[in-house]
Amino acid sequence: MTEEHMVNQSNNLTWQPAAIGQEQRHALNGHKSCVIWMTGLSGSGKSSIAMELERQLYLMKIRSYVLDGDNVRQGLNRNLGFSPEDRKENIRRVGELAKLFTDAGLFTISAFISPYEEDRELVRSMFQSGEFIEIYVSCSLSVCESRDPKGLYKKARAGKLPDFTGVSSPYEVPAHPELIVETDKLSLEVSVMRIIDFLKGAGFIK
0 MTEEHMVNQS
10 NNLTWQPAAI
20 GQEQRHALNG
30 HKSCVIWMTG
40 LSGSGKSSIA
50 MELERQLYLM
60 KIRSYVLDGD
70 NVRQGLNRNL
80 GFSPEDRKEN
90 IRRVGELAKL
100 FTDAGLFTIS
110 AFISPYEEDR
120 ELVRSMFQSG
130 EFIEIYVSCS
140 LSVCESRDPK
150 GLYKKARAGK
160 LPDFTGVSSP
170 YEVPAHPELI
180 VETDKLSLEV
190 SVMRIIDFLK
200 GAGFIK
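Put into structure tokens, the structure is as follows:
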């Protein structure tokens, strides 16, 4: 299939409006929806925070779902590698998926390294003002490397893992995140409560 044919096909597509709107879903759920986009180095604690946050939201009867980097790459994005181009496409796809989940009325918790500011800002542009909450899960490289829960830093240092963020590939710290959680200083429980307090202050949790 040629690129021109693909473009012509897309020109023939029309967005099908939903019969039920986002506000109606909010009313049914009893809460608003948003995407909680956690970014940070491997080993910084993104997945652990995401899972505990989801558990706490469940106890508060808030509908949520976690999009985890490793999980998504085993299905939706299994055809992507870790080159800058593939990383960009990985984040774009996740952004589109998070947008659908948020439109469905869920708290969408995204846990991805998402190392490039440009890619994160692209995802932010997909959402209405206030719906995209960027959380920088801050943790020093030395602490992340000392944790190394998956043995990835060891492989990267040995040259067995090219394009590894923090070692052979850059990580761009968010310029203006909504919240910073320093996981090399805070416990998991305190980190999650910081996020919940922010969500309460922003009016997403009553």
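Note that the sequence shown ends on residue 205 in numbering that gives the first Met the number 0; no numbers are left out.
For every residue, glycine included, the Cβ atom is placed at its ideal position computed from N, Cα and C.
- Shown here, A155 sits in a helix according to DSSP, grouped into three states.
- In its chain, beyond the 5 residues on either side, V166 have a beta carbon closer than 8 Å to the beta carbon of R156.
- When beta bridges are read from the DSSP output, D67 appears opposite A110.
- DSSP places S43 outside both helix and strand once states are collapsed to three, so it counts as coil.
- Contact between S137 and V180 is confirmed by a C-beta separation of about 7 Å, below the 8 Å threshold.
- For E177, the closest of F131, F163, L160, V122 by C-alpha to C-alpha distance is F131.
- Nearest to P83 by C-alpha distance, out of D102, I112, R24, V65, is I112.
- When Cβ pairs closer than 8 Å are counted between the two stretches, the stretch 185-194 is seen to touch the stretch 45-52, the count reaching three or more.
- Pairwise C-beta distances place the stretch 68-85 out of contact with the stretch 25-33, as fewer than three of them are shorter than 8 Å.
- Straight-line measurement puts the Cα of L66 at about 8 Å from the Cα of A97.
- Rounded to whole angstroms, F203 and T38 show a C-alpha spacing of 20 Å.
- Boundaries of the beta strand (DSSP E) harbouring F131: 131-137, taken from the DSSP string.
- Shown here for L187: same chain residues with a beta carbon closer than 8 Å to its own, the five before and five after excluded, namely G44, S47, I48, E51 in chain order.
- If you check the CB distance, Y115 and R92 do not come in under 8 Å.
- Taking the C-beta atoms as reference points, W36 is found nearer than 8 Å to E133.
- Here the alpha carbon of L56 sits roughly 23 Å from the alpha carbon of G20.
- Apart from the 5 residues on each side of it in sequence, S63 sits with its Cβ closer than 8 Å to the Cβ of L52, E53, L56, Y57, L105, F106, T107, I108 in its chain, given in chain order.
- When Y135, R123, L160, K184 are compared, the shortest CA-CA separation from A110 is found for Y135.
- According to DSSP, S168 shares a beta bridge with T164.
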